[in-house]
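Trainee:
Protein chains in written order, with UniProt numbering: chain D, 1 to 313; chain C, 1 to 313.
1. Report the residue ranges of all alpha helix (DSSP H) runs contained in full by the region 17-56 of chain D; include only those spanning at least 4 residues, in chain order.
2. In this structure, how does DSSP classify residue 145 of chain D when only helix, strand and coil are distinguished?
3. Nearest to residue 212 of chain C by CA position, among C/152, C/234 and C/186, is which residue?
4. Using a C-beta to C-beta distance shorter than 7 Å, which residues of chain D count as neighbours of residue 220 of chain C?
5. Leaving out the 5 sequence neighbours to the left and right, which residues in its chain are closer than 8 Å to residue 324 of chain C when beta-carbon positions are compared?
6. For residue 203 of chain C, collect the residues of the same chain with a Cβ closer than 8 Å to its Cβ; drop the 5 residues on either side in sequence, then sort them by chain order.
7. With 8 Å set as the bound, which would you pick, yes or no: does the beta-carbon of residue 253 of chain D sit closer than that to a beta-carbon of chain C?
8. Please return the same chain residues whose Cβ sits closer than 7 Å to the Cβ of residue 21 of chain C, not counting the five positions on each side in sequence.
9. Suppose the cutoff is 7 Å on Cβ atoms and the five residues either side in sequence are ignored; what does the same chain contact list for residue 79 of chain C look like?
10. Could you give the first and the last residue of the continuous beta strand (DSSP E) run that contains residue 227 of chain D?
11. Output, in chain order, the set of chain D residues within a Cβ distance shorter than 9 Å of residue 233 of chain C.
12. Taking Cβ-Cβ distances shorter than 7 Å, what residues in chain D pair up with residue 242 of chain C?
13. Determine, for residue 245 of chain C, whether the minimum Cβ-Cβ distance to residues of chain D falls below 8 Å.
14. Would you check if the distance between the CB atom of residue 220 of chain D and the CB atom of residue 133 of chain D is smaller than 8 Å?
15. Taking one C-beta from the region 118-129 of chain C and one from the region 140-157 of chain C each time, how about it: are there three or more such pairs within less than 8 Å?
16. Give the secondary structure of residue 123 of chain D by DSSP, where H, G and I count as helix, E and B as strand, and everything else as coil.
17. Chain D beta carbons: is any one of them nearer than 8 Å to that of residue 261 of chain C?
18. Could you check the C-alpha separation between residue 314 of chain D and residue 7 of chain C for me, to the nearest Å?
19. Closest to residue 285 of chain D by C-alpha separation, out of D/16, D/2 and D/179, would be which residue?
20. Identify which residue in C/302, C/290 and C/253 has its Cα closest to the Cα of residue 23 of chain C.
21. State yes or no: is the beta carbon of residue 134 of chain D nearer than 8 Å to at least one beta carbon in chain C?
22. Taking C-beta pairs closer than 7 Å, name the residues in chain C that residue 230 of chain D reaches, listed in chain order.
23. Shortest alpha-carbon distance to residue 137 of chain C belongs to which of C/68, C/223, C/244 and C/13?
24. Check distances from the C-beta atoms of the region 67-99 of chain C to those of chain D and list, in chain order, the residues that come in under 9 Å.
25. Find the nearest neighbour of residue 207 of chain C within the set C/218, C/194, C/191 and C/225, judged by alpha-carbon distance.
26. Below 9 Å on C-beta distance, what does residue 145 of chain C contact in chain D?
27. Please tell me whether residue 107 of chain D has its Cβ less than 8 Å away from any Cβ of chain C.
28. Could you compute how far the alpha carbon of residue 121 of chain C sits from the alpha carbon of residue 303 of chain C?
29. CA-CA distance, residue 172 of chain D and residue 9 of chain C?
30. Can you list, in chain order, the residues of its chain whose CB lies under 8 Å from that of residue 181 of chain D, leaving out five sequence neighbours each side?
31. Can you list the residues of chain D that residue 249 of chain C reaches, using a CB-CB cut of under 8 Å?
32. Out of D/280, D/45, D/179 and D/200, which one is the CA nearest neighbour of residue 59 of chain D?
33. Check whether the Cβ of residue 142 of chain C lies closer than 8 Å to any Cβ atom in chain D.
34. For residue 75 of chain D, collect the residues of the same chain with a Cβ closer than 8 Å to its Cβ; drop the 5 residues on either side in sequence, then sort them by chain order.
35. Indicate whether residue 266 of chain D and residue 278 of chain D have their beta-carbon atoms separated by less than 8 Å.
36. Kindly indicate which residue of D/167, D/70 and D/247 has the alpha-carbon position closest to the one of residue 256 of chain C.
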């Protein structure tokens with residue numbers, strides 16, 4: 001099995017990318033090979049610094065880079081030899097089983113939509129993120145920004161997508177799906193959440209437990225938390241800021257330490273035909289390594305086939 | 001000056017209400033008088049327990065109670081001698097300068113809308129909440145739940161209302177108004193946030209600093225944070241849960257301690273003709289006391305006149 005990494009993506013690329021890839025290669029020795037995609041002249045010397053530890057890594061050349069500030073769709077179209085475009089081509093061709101990048105988020109989404117494409121039946125793929133649970137384990141929150149504005153049927157599908165991920169990748173049996181709302185009662189909320197509540201209530205593919213509130217993000221009520229991309233993005237960034245503030249204050253706690261994005265490394269795009277993960281722009285080698293391990297777990301679990309089967313009907 | 005308190009409102013009423021009122025009476029001695037509204041047979045004995053400390057408190061009888069679980073509009077209409085209905089009547093009649101309750105939030109909103117009424121020109125009053133700022137002071141977040149669904153012009157007005165409160169009650173000159181969004185760039189967000197951005201940009205009454213993100217809630221970027229009631233409610237409850245988790249873990253920190261709702265005691269309803277504050281259902285005596293002090297500050301500042309003058313034109 002091969003897991004690909006955009007060696008040029010992220011604020012500290014290619015150094016952090018190469019270092020993280022070497023860490024992941026050690027973890028995945030005998031199970032998967034890491035494929036780095038990027039400018040040979042920049043990446044090769046960094047690999048050589050690692051000596052034997054980098055021996056199993058493969059380097060696929062890509063001459064161009066999509067910068068963080070570039071217009072995603074335009075850059076993706078114009079830079080067909082960029083590390084992101086090459087990565088998606090390899091993913092689509094089945095040459096790698098997962099593609100990870102800490103680069104331009106928008107370009108990663110564009111590639112997901114136009115190269116590997118959404119699974120037939122999925123209205124809109126979503127970006128998922130992980131939330132630590134107070135009494136252990138992880139929950140999954142989606143969408144966190146792919147779709148600022150959503151129709152009820154999209155959120156219903158986010159519930160299904162998150163449920164499949166929780167089941168097949170996180171190993172949670174019969175995951176509880178909660179709808180983020182401003183009150184627990186069925187009639188509460190916006191036109192959107194009221195409509196989604198009715199859809200999820202009768203959806204046979206999910207274990208819908210009803211509305212949850214902002215205070216339930218970290219507790220045991222739901223394993224899968226469904227919301228529109230605007231709300232999910234606000235919540236995610238708020239949680240990150242809490243971690244940053246605690247780090248600044250040097251408050252250490254095993255639970256709050258799990259807020260650190262490094263621990264999971266990246267956010268999968270769910271509802272597309274292959275496994276793609278978007279990392280944080282500031283990704284460190286540890287974050288890159290964990291993103292690659294997550295890519296391996298996704299590929300290993302067969303999650304994208306599970307999604308295809310579910311939405312086939 | 002008289003500040004009224006619903007003695008029957010909150011999970012621990014009337015005990016917590018009376019104890020909190022006595023604390024506030026001491027703080028406000030010589031400046032304002034506390035008026036308790038509630039069932040005489042329940043409140044009088046509690047007041048007597050406080051002896052001389054309760055001597056300045058006035059008790060206005062109200063025979064009925066709107067329970068926490070009751071339908072707000074129906075209960076408000078049917079229970080005209082409830083502590084909430086009597087409180088609003090006194091407020092509207094000018095017999096008290098502010099009315100505070102930790103009781104049924106919906107009934108407090110109903111009373112605000114139908115008894116003291118919105119300020120002419122205000123489309124929809126909002127519930128505001130306070131957020132501690134990392135480097136000192138408080139910011140104001142609105143709406144946090146009065147209006148789950150909003151039109152652009154409502155959010156524009158929330159910016160104006162929050163700005164006036166920040167200026168006249170919190171004493172922040174030229175408060176910075178930020179729009180909660182999923183990215184900083186002007187074009188980002190939902191149809192709603194994009195439209196609100198354009199309105200606030202040209203609004204001469206506010207110092208609009210543009211879009212802010214979830215990570216900016218606690219930093220210095222904005223003093224007034226504008227969002228729809230659904231999003232604000234989710235953020236508020238999420239912040240409260242962080243405080244609860246830290247308390248459970250016995251992590252103490254001066255900044256995070258300010259997340260405690262007790263520190264401010266209540267959420268003002270902004271955009272109505274008088275000063276009304278809604279307290280947390282679980283309000284302790286300290287929370288009740290701080291809610292009353294906030295009511296005094298609002299009355300003292302003349303904020304509701306400032307709002308009337310601004311929206312008159």
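Even for Gly, the Cβ is constructed at its ideal location relative to N, Cα and C.
Mentor: According to the structure data:
1. Correct list: 40-49.
2. In the three-state reduction of the DSSP assignment, residue 145 of chain D falls in the coil class.
3. The shortest C-alpha to C-alpha distance from residue 212 of chain C to any of C/152, C/234 and C/186 is the one to C/186.
4. None at all; the shortest Cβ gap to chain D is about 13 Å.
5. Residue 324 of chain C lies beyond the residue range present for chain C, which begins at 1 and ends at 313; the question has no answer from this structure.
6. Closer than 8 Å at Cβ, skipping near neighbours: 156, 159 and 160.
7. Yes, contact with chain C.
8. Within the same chain, residue 21 of chain C has close Cβ partners 5, 34, 36, 57, 288 and 292.
9. Close CB contacts of residue 79 of chain C within its chain, under the 7 Å cut and outside five residues either way in sequence, are with 64, 66 and 85 (chain order).
10. Taken as a continuous stretch (DSSP letters only), residue 227 of chain D belongs to no beta strand (DSSP E), as it is neither H nor E.
11. Those are 181, 182, 183, 213 and 214, listed as they occur along chain D.
12. Those are 242, listed as they occur along chain D.
13. Closer than 8 Å to some Cβ of chain D, the Cβ of residue 245 of chain C qualifies, so yes.
14. Less than 8 Å divides the Cβ of residue 220 of chain D from the Cβ of residue 133 of chain D.
15. Because the criterion of three Cβ pairs below 8 Å is met, the region 118-129 of chain C and the region 140-157 of chain C touch.
16. Coil at residue 123 of chain D, not helix or strand.
17. No, residue 261 of chain C lies away from the interface with chain D (no Cβ there is under 8 Å from its Cβ).
18. Because chain D is modelled from 1 through 313, residue 314 of chain D falls outside the range shown and cannot be assessed.
19. Among D/16, D/2 and D/179, the Cα nearest to that of residue 285 of chain D belongs to D/16.
20. When each option's Cα is compared against that of residue 23 of chain C, the closest is C/290.
21. Using a Cβ-Cβ cut-off of 8 Å, residue 134 of chain D counts as an interface residue toward chain C, since at least one Cβ of chain C sits closer than that to its own.
22. Those are 182, 189 and 190, listed as they occur along chain C.
23. Selected option, being the one with the closest Cα: C/223.
24. Hits within the stretch: zero.
25. Measuring from the Cα of residue 207 of chain C, the nearest candidate turns out to be C/225.
26. Ordered by position in chain D, the residues that pass the 9 Å Cβ test against residue 145 of chain C are 182 and 183.
27. Chain C contact via Cβ: absent.
28. One C-alpha to the other measures close to 16 Å.
29. Per the coordinates, the alpha-carbon of residue 172 of chain D lies some 42 Å from the alpha-carbon of residue 9 of chain C.
30. 188, 189, 193, 197, 211, 212 and 213.
31. Correct list: 253 and 255.
32. For residue 59 of chain D, the nearest C-alpha among the options comes from D/45.
33. Residue-level contact check: residue 142 of chain C does not touch chain D, since none of the beta carbons of chain D fall below 8 Å from its beta carbon.
34. Around residue 75 of chain D: 66, 67, 82, 104 and 107.
35. A contact, by the Cβ cut-off of 8 Å.
36. The shortest Cα separation from residue 256 of chain C among D/167, D/70 and D/247 belongs to D/247.
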